[in-house]
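Going by our numbering, the sequence shown opens with residue 247, and the numbers climb by one from there. The next block holds one structure in the form of structure tokens; read it before the comments.
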Amino acid sequence: MTPEMMGTMAEIAKESRKTPEAIAREMGKDMKDANAASIRDGVAVLKVSGPLFRYANLMTRICGATSYELLARDFNKALQHPEVNAILLDIDSPGGEVNGCSELADMIFQARGKKPIVAYASGACCSGAYWIASACDKILASDTAVLGSIGVVSVFEQDDDGKTIEIVSSQSPNKRPDINTEEGRAKIQARVDELAEVFIAKIARNRGITAVDVVKNFGAGDVAVGQYAVRNGLADGLSSFEAIIAGFNFQQTEKIFMNDNEKTSAEDIRRTERERMAQVFASEVTQGKENTAKLLLTKTDLVADDILEILATVPTHRESAFEQAMAAIKNPDIRPVAEADNETPEAVAQRIASLI
Numbered sequence: 247m248t249p250e251m252m253g254t255m256a257e258i259a260k261e262s263r264k265t266p267e268a269i270a271r272e273m274g275k276d277m278k279d280a281n282a283a284s285i286r287d288g289v290a291v292l293k294v295s296g297p298l299f300r301y302a303n304l305m306t307r308i309c310g311a312t313s314y315e316l317l318a319r320d321f322n323k324a325l326q327h328p329e330v331n332a333i334l335l336d337i338d339s340p341g342g343e344v345n346g347c348s349e350l351a352d353m354i355f356q357a358r359g360k361k362p363i364v365a366y367a368s369g370a371c372c373s374g375a376y377w378i379a380s381a382c383d384k385i386l387a388s389d390t391a392v393l394g395s396i397g398v399v400s401v402f403e404q405d406d407d408g409k410t411i412e413i414v415s416s417q418s419p420n421k422r423p424d425i426n427t428e429e430g431r432a433k434i435q436a437r438v439d440e441l442a443e444v445f446i447a448k449i450a451r452n453r454g455i456t457a458v459d460v461v462k463n464f465g466a467g468d469v470a471v472g473q474y475a476v477r478n479g480l481a482d483g484l485s486s487f488e489a490i491i492a493g494f495n496f497q498q499t500e501k502i503f504m505n506d507n508e509k510t511s512a513e514d515i516r517r518t519e520r521e522r523m524a525q526v527f528a529s530e531v532t533q534g535k536e537n538t539a540k541l542l543l544t545k546t547d548l549v550a551d552d553i554l555e556i557l558a559t560v561p562t563h564r565e566s567a568f569e570q571a572m573a574a575i576k577n578p579d580i581r582p583v584a585e586a587d588n589e590t591p592e593a594v595a596q597r598i599a600s601l602i
């Protein structure tokens, strides 16, 4: 390998920020006839990396970009694949062109409910990439992921002298407004604002909030990192790639996303929960640890055996002498008198004090 190519490979490895072991753990079986999708334990993993373009071409291959066209194909294949129980979009992208982004996001949004769809922000999830992520059921992020940059930018090429190079037909002066004039900048500003309104409206719809909330809490075009993104509502929680895969498998086991004719009835769910509670409270291990047992039952989805295993490690609560003394004292029998409405606050206080 030449020194030049070695340097190129080193830069690629540095940009990926992943060790060979981490990459190996993420590798699954390639999904047949897919572009950049694999199946891992029943989860279709769709890579969304690099700049985003509408159509695939040689440049998207060379620079590691993603095309909406191929991503849409992979998504539909995963949606229809009999071995796929859930879909995970593994996103590390700064965004891309507007053309095609809205259509892909709408397609993902319309597929909600057919299979669980989660976006995982492993690195950058900005601009058009966040637009796509917002259409999923949930957005999870690594603690160093960057999310947001909600807005639209129009880019113009410039020559070596810093001048804008534009050739516009004489019949269409508004095709390329002159950004060196106030009128031209106003036209471009209006166009970009209109695109941003569409962008923000779709984000608001996808996240179940208002456009005002998006503008106010989602950074106004800025980005937020990890936990700050969760705090502001850009993401639903922090996670890791492996944890999401494991979580999907747990959901499949519990049959959370079943077809209507297979869904567990509400009564079945209540019966299962009653049995779980009864098993926990009937065990001797729970004696003296009832409050901890209640927390584990209400705050987690752990099965009864796992809860009992945790309770076995918790020391038994023993009542102190003070608690025993307080338990032996009966509450005073405080009742209103017949003329309670006519009593002054001072009289009420004296009557209660006399009963204690």
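We treat Cβ as the ideally placed atom computed from N, Cα and C, and that holds for glycine.
| Asked | Found |
| --- | --- |
| Inspect the CB distances between the segment 386-403 and the segment 466-478 and report whether three or more fall short of 8 angstroms. | yes |
| Under a three-way DSSP split, which group does residue 603 fall into? | Here the chain has residues from 247 to 602 only, and residue 603 is not among them. |
| Could you give the C-beta distance for residue 382 and residue 335, rounded to a whole number, given that I count them as a contact under 8 angstroms? | 6 angstroms |
| Mind reading off the beta-carbon distance from residue 365 to residue 337? Whole number of angstroms is fine, and I expect it under 8 angstroms. | 6 angstroms |
| Cα separation between residue 330 and residue 283? | 11 angstroms |
| Is the beta carbon of residue 369 less than 8 angstroms from the beta carbon of residue 342? | no |
| Mapping the DSSP letters down to three states, classify residue 593 as helix, strand or coil. | helix |
| Looking at the structure shown, is residue 411 part of a helix, part of a strand, or coil, going by DSSP? | Per-residue confidence for residue 411 stands at a pLDDT of 47, beneath the threshold of 50, marking its modelled position as unreliable; no derived number is given. |
| Do the CB positions of residue 312 and residue 325 come within less than 8 angstroms of each other? | no |
| Measuring CB to CB, does residue 532 end up less than 8 angstroms from residue 539? | yes |
| Would the beta-carbon of residue 494 fall within 8 angstroms of that of residue 340? | no |
| Would you kindly check if the distance between the Cβ of residue 367 and the Cβ of residue 351 is under 8 angstroms? | no |
| By DSSP, does residue 493 sit in helix, in strand, or in coil? | helix |
| Alpha carbon to alpha carbon, what distance is there between residue 544 and residue 597? | 42 angstroms |
| Please classify residue 465 as buried or exposed, where buried requires at least 16 neighbouring CB atoms within 10 angstroms. | buried |
| Starting from residue 437 and walking both ways along the alpha helix (DSSP H), at which residues does that stretch end? | 428-453 |
| Can you tell me where the beta strand (DSSP E) with residue 551 in it begins and where it stops? | No beta strand (DSSP E) contains residue 551, which is instead part of the alpha helix (DSSP H) from 550-557. |
| May I have the straight-line CA-CA distance separating residue 559 from residue 452, to the nearest angstrom? | 43 angstroms |
| Using DSSP's beta-bridge definition, name the partner residues of residue 338. | 295 |
| Taking residue 444 as the reference, give the member of 316, 349, 572 with the closest Cα. | 349 |
| Considering residue 354, what are the terminal residues of the beta strand (DSSP E) in which it resides? | Premise fails: residue 354 lies in the alpha helix (DSSP H), 347-356, not in any beta strand (DSSP E). |
| Let me check understanding here. Comparing Cα to Cα, which of 546, 287, 482 lies closest to residue 332? | 287 |
| Opposite residue 388 in the DSSP bridges: which residues? | Residue 388 is not bridged to any residue. |
| Measure the alpha-carbon distance for residue 462 versus residue 441 and round it to whole angstroms. | 18 angstroms |
| Would you report the Cα separation of residue 434 and residue 428, rounded to the nearest angstrom? | 10 angstroms |
| Is the Cβ-Cβ distance between residue 400 and residue 460 less than 8 angstroms? | no |
| Report all residues from its chain with a CB closer than 7 angstroms to the CB of residue 310; omit the five preceding and five following residues, and keep chain order. | 295, 296 |
| List the whole-angstrom C-beta distance separating residue 354 from residue 481, where the pair is believed to meet the contact cut-off of C-beta under 8 angstroms. | Contact doesn't hold; Cβ gap of about 16 angstroms is too wide. |
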